[in-house]
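All remarks here apply to the structure that follows.
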Amino acid sequence: MTDTHVRQTGERSLKRLECTGLATRHQREFVKELQRRVVEAGEPFAIVQADTPHEIFHVMDIPIVTNQWWASYIAAKQLSPYYFEVMEKEGFPDSSCRYCSLGLACTLDNDPARAPWGGLPKPTVLVARLTCDCIQRVFSLWADALGSRFFPLEAPGWEHKDARWFERGAEHWDEVYTARRIDLLVEEMKALIRFLEAETGRTFDDGKLLDLMHSINEQEELLAEAARLATRTRPCPVGIAEQMPNAMIPQWHRGEPWAIEHARLFRDEVQARVDAGVSIAKNEKLRLMWIGAGLWHDPGFYDALEARLGAVFVWSMYLPFTGAKYIRYNLDDPLRALASRICGMNEVLHLPPWMNEWMVAEAKACGIDAAVILQPETNRLSVSGTRLTKLALERAGVPVYELSADMVDATDWSHEAMVEDVERFLRERCPAAR
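Under numbering that gives the first Met the number 0, the sequence shown has 31 at position 32, and the numbering climbs by one with no breaks.
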């Protein structure tokens with residue numbers, strides 16, 4: 000990013016699907032109900048990372064807030080520059096991981112009038128896998144600030160390298176994700192269950208978990224079908240700015256009746272657009288791949304090149320990941336199947352050979368002309384495999400633009416300048432853009 004890129008707020012993305020409004024409204028209602036249950040009724044709740052066993056909490060009827068969703072919401076409200084100033088005043092280095100620590104910054108500010116929904120109430124527990132060096136420190140400090148407890152889960156090294164995990168993981172998960180790693184997480188999840196039962200007085204039911212796992216499969220199969228329709232149809236019927244909420248908001252509630260029904264509504268709406276030949280760009284010329292977390296402070300960035308170049312972001316990890324990683328068959332031992340879903344979740348998205356092999360396969364299947372890789376300097380895990388993924392994509396004939404920006408920190412972001420940079424790259428590297 001050049002020195003001419005001055006701070007500028009992001010732009011809203013275009014909303015074309017009825018489902019998108021339904022998803023966001025449901026999440027708003029969920030937050031209101033969460034506040035009623037936790038603040039007014041004194042029920043337990045948890046703050047968790049995205050790659051933790053949410054299903055345990057769903058079985059025990061303990062509501063959760065996902066740290067990544069909370070950070071994305073704060074960023075969408077254009078509050079991240081202020082909160083990171085708070086962290087620096089508190090003595091934290093400006094190199095701190097922005098994505099993981101934004102929720103902590105909001106808590107440290109301790110200003111209900113400024114925070115979305117007045118901030119998060121005190122949780123019963125915070126849960127995270129130790130996937131990078133910052134996690135333990137951030138969550139320990141956050142738990143202290145909230146007067147709660149941090150329950151860490153290990154993220155051991157993964158010796159077995161099945162680069163085609165996305166083809167075999169649903170059926171052969173014990174082999175793909177390595178039995179020893181699965182067994183370790185099972186024991187840690189049992190310890191978490193014991194902790195929650197002791198703290199909340201609620202009980203965990205194995206039968207309910209099995210039913211939930213079957214319900215999740217139904218949901219993910221619907222989303223996987225929506226992914227194939229959305230990402231592989233020419234012209235593209237729905238871009239990633241609407242794929243993301245319609246995939247991820249149901250994921251935070253996965254297996255619930257609402258989530259299954261929403262996945263079906265989304266699939267049906269995408270199918271209807273495909274059948275009608277509806278395109279999000281009047282003249283689709285370029286099909287783009289977005290690699291990395293969402294640009295939560297500026298979702299309008301994804302729509303900006305449609306009119307200029309006929310360039311459409313047709314792919315991001317969120318919707319295709321539903322079928323590739325969440326579906327689990329062979330449910331004789333649902334707790335082990337759940338552990339196989341969770342262990343490796345971050346690794347397959349961010350580390351070679353899993354990340355680059357999947358991205359190249361998806362680029363070929365979706366007819367991708369060029370890719371944009373988000374390079375957040377302060378998020379070590381998010382950039383761990385991006386250079387090798389870039390090389391793999393370029394070997395496959397897909398030019399790649401490295402966008403130096405953060406998914407939640409808009410401090411040095413300029414919407415117009417970055418759109419111009421990507422446009423210039425596409426005109427230089429893609430004949431169809433000239």
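Think of the CB as a built atom: it goes at the ideal place given N, C-alpha and C, for glycine as much as any other residue.
Just so we're clear, the structure is a prediction, and the values are computed from it rather than from any experiment.
Self-check item: Where the alpha helix (DSSP H) through T177 begins and ends
Solution: Along the sequence shown, read from residue 1 onward, the residue named residue 177 stands at position 178. Premise fails: T177 is in no alpha helix (DSSP H) and is neither H nor E.
Practice problem: State the Cα-Cα distance for the pair T65 and Y81, rounded to the nearest angstrom. | Solution: Here residue 65 refers to the residue found at position 66 when the sequence shown is read from its first residue. Here residue 81 refers to the residue found at position 82 when the sequence shown is read from its first residue. Distance between T65 and Y81, taken at the CA atoms: about 21 Å.
Quiz item: Can you list, in chain order, the residues of its chain whose CB lies under 6 Å from that of K284, leaving out five sequence neighbours each side?
Solution: Numbered from its first residue, the sequence shown carries residue 284 at position 285. Here the set comprises G309, A431.
Quiz item: Do the segment 213 to 233 and the segment 343 to 359 meet, that is, are 3 or more Cβ pairs less than 8 Å apart?
Solution: Counting Cβ pairs under 8 Å, fewer than three are found: no touch.
Self-check item: Nearest-angstrom beta carbon gap, M417 and F300 [assumed within contact, 8 Å]
Solution: Walking along the sequence shown from the start, residue 300 turns up at place 301. Walking along the sequence shown from the start, residue 417 turns up at place 418. That belief holds up - the Cβ atoms of F300 and M417 are roughly 7 Å apart, short of 8 Å.
Quiz item: For T65, which three-state DSSP category applies?
Solution: As a first step, residue 65 is located in the sequence shown; it is residue number 66 there, counting from the start. In the structure shown, T65 sits in a strand (DSSP, three-state: E or B).
Exercise. Please classify V397: does DSSP put it in a helix, a strand, or coil?
Key: The residue labelled residue 397 in the question sits at position 398 within the sequence shown. The answer is coil: DSSP assigns V397 none of H, G, I, E or B.
Self-check item: Cutoff 6 Å; reference A223; Cβ partners in own chain excluding five residues on either side
Solution: By 1-based counting over the sequence shown, the position of residue 223 is 224. Closer than 6 Å at Cβ, skipping near neighbours: T321, G322.
Practice problem: Would you tell me roughly how many angstroms separate the C-alpha atoms of T19 and Q26, rounded to the nearest one? | Solution: Residue numbering aside, residue 19 sits at position 20 when the sequence shown is read from its first letter. Residue numbering aside, residue 26 sits at position 27 when the sequence shown is read from its first letter. Spanning the two alpha carbons is a distance of roughly 11 Å.
Quiz item: Exposed or buried, which one is L402 when buried takes at least 16 other CB atoms within 10 Å?
Solution: Against the sequence shown, residue 402 aligns to sequence position 403. It counts as buried.
Practice problem: Could I get the ranges of all uninterrupted alpha helix (DSSP H) runs contained in the segment 40 to 118, with 4 residues as the minimum, in chain order? | Solution: 53 to 58, 66 to 75, 79 to 88, 97 to 108
Quiz item: If you run the structure through DSSP and keep just helix, strand and coil, what is L449?
Solution: Beyond the ends of the chain as shown, which are 0 and 433, falls residue 449; an answer cannot be given.
Exercise. Please classify H159: is it buried, with 16 or more other beta-carbons within 10 angstroms of its beta-carbon, or exposed?
Key: Within the sequence shown, numbered from 1, the residue matching residue 159 stands at position 160. Burial call: exposed.
Quiz prompt | Span of the beta strand (DSSP E), counted from its first residue to its last, around L125 | solution = Here the question's residue 125 lines up with position 126 in the sequence shown. Note, L125: beta strand (DSSP E), 124 to 128.
Quiz item: Taking Cβ to Cβ, would you say T385 is nearer than 8 Å to I239?
Solution: The sequence position of residue 385 within the sequence shown is 386, counting from 1. The sequence position of residue 239 within the sequence shown is 240, counting from 1. For T385 and I239, no; Cβs fall outside 8 Å.
Exercise. Would you please state the rounded distance, in angstroms, between the beta carbons of T123 and F44? I believe it to be under 8 Å.
Key: For the purposes of this step, residue 123 is identified with residue 124 of the sequence shown, where counting begins at 1. For the purposes of this step, residue 44 is identified with residue 45 of the sequence shown, where counting begins at 1. About 6 Å separates the two Cβ atoms, so the contact holds.
Quiz prompt | Nearest-angstrom Cα separation, counted from A404 out to M0 | solution = Along the sequence shown, read from residue 1 onward, the residue named residue 0 stands at position 1. Along the sequence shown, read from residue 1 onward, the residue named residue 404 stands at position 405. Low confidence applies to M0: its pLDDT is 32, below 50, so where it sits in the model is not reliable, and the reading given next is rough at best. Cα to Cα, M0 sits roughly 8 Å from A404.
Quiz prompt | Nearest residue (CA-CA) to V397, options S383, E361, L373 | solution = What you label residue 397 is simply residue 398 of the sequence shown in a count that begins at 1. Of S383, E361, L373, the residue nearest in Cα terms is E361.
Exercise. Inspect the beta-carbon positions of M435 and A370 and report whether they are closer than 8 Å.
Key: There is simply no residue 435 to check, as the chain begins at 0 and stops at 433 in what is shown.
Self-check item: Length-filtered (4 minimum) alpha helix (DSSP H) runs lying within the segment 202 to 267
Solution: 205 to 231, 239 to 251
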